[in-house]
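Residues in the sequence shown are numbered from 28 upward in steps of one, following the numbering used here. One structure is given below, encoded as structure tokens.
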Amino acid sequence: MRKLMMKMSMSVDGFVASSNGRLDWLFKSADETSTAWVIGLCESAGLHIMGSKSFHDMASYWPTSPLPIARPMNEIPKAFFTQKGVAGFDPSRTTNAVESARQYDAGSGVVANEVQSPAAISWAEARIFSGDLAENIKALKAEPGKPILAHGGAGFMRSLITTGLIDEYHLVTHPVALGTGLPIFNGLSKELDLKLVNTKVFPGGIIARTYHPA
């Protein structure tokens, strides 16, 4: 049975996005080594999973992104989970999260690629799941292959945590306090005990901690 990993970036006060959904703060402290670590984690997975909102945000951004992390995000198979049916994929979709990423690209002097058919197709071919989340996750874990990596968003991650099926938590803390925003550990029905198994501190101030269920 393959393991389920989750990776979430968060502020020092535990929010994974600001109240308006913007992610500008994620890019301020990123450096080459922290970026390489994230790429390595993404490449270690055989399947990327996410909620429907994050899926549509990522599907409208990554196929044209010039950033190095775009390759594993575009090439590795994907699945997303929805409770509201399947909406048509809109590559021109813009949300605050997508706009934040595109503004970062522009400010860094990188230029977006033209839409590459293989990259766009990989998102269009994503597997779609609805219904009981825990049962769907159990079925995916029972499949052969490399680990599953869950990306978000906040609502999906909260639901995933409550299933008790996550084998490895990668919590990436950025050196910023947001004051308000979207958490992922609120509303737990009981305490979640974790065992710290690894810590990495990067030059820009980002700290990546890896936990296993205790």
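Cβ coordinates follow ideal geometry from the N, Cα and C atoms, glycine included.
A residue is called buried once 16 or more other Cβ atoms fall within 10 Å of its Cβ, and Asp84 is buried on that count.
Along the length of the stretch 49-107, whole beta strand (DSSP E) runs at least 3 residues long occupy 74-78, reported in chain order. Assignment of Glu195 by DSSP, reduced to helix, strand and coil, places it in the strand class. Residue nearest to Ile96 within the set Ile164, Arg49, Ala146, Gly191 is Ala146 (criterion: CA-CA distance). Assigned with DSSP and collapsed to three states, Asn163 falls in helix. When DSSP states are grouped into helix, strand and coil, Lys168 belongs to the helix group. Between Lys217 and the set Val199, Thr189, Gly232, the nearest pair of CA atoms involves Thr189. Ranked by how close their Cα comes to the Cα of Lys222, the residues Ile193, Val228, Asn213 have Ile193 in first place.
If you draw a straight line from the Cα of Ala235 to the Cα of Glu152, it comes to about 31 Å. Taking C-beta separations shorter than 8 Å and ignoring five residues to either side along the sequence, the partners of Ala241 in its chain run Asp220, Leu221, Lys222, following chain order. Secondary structure note for Met28: it is in no alpha helix (DSSP H), with a DSSP letter that is neither H nor E. CA-CA distance, Ile164 to Met32, rounds to 12 Å.
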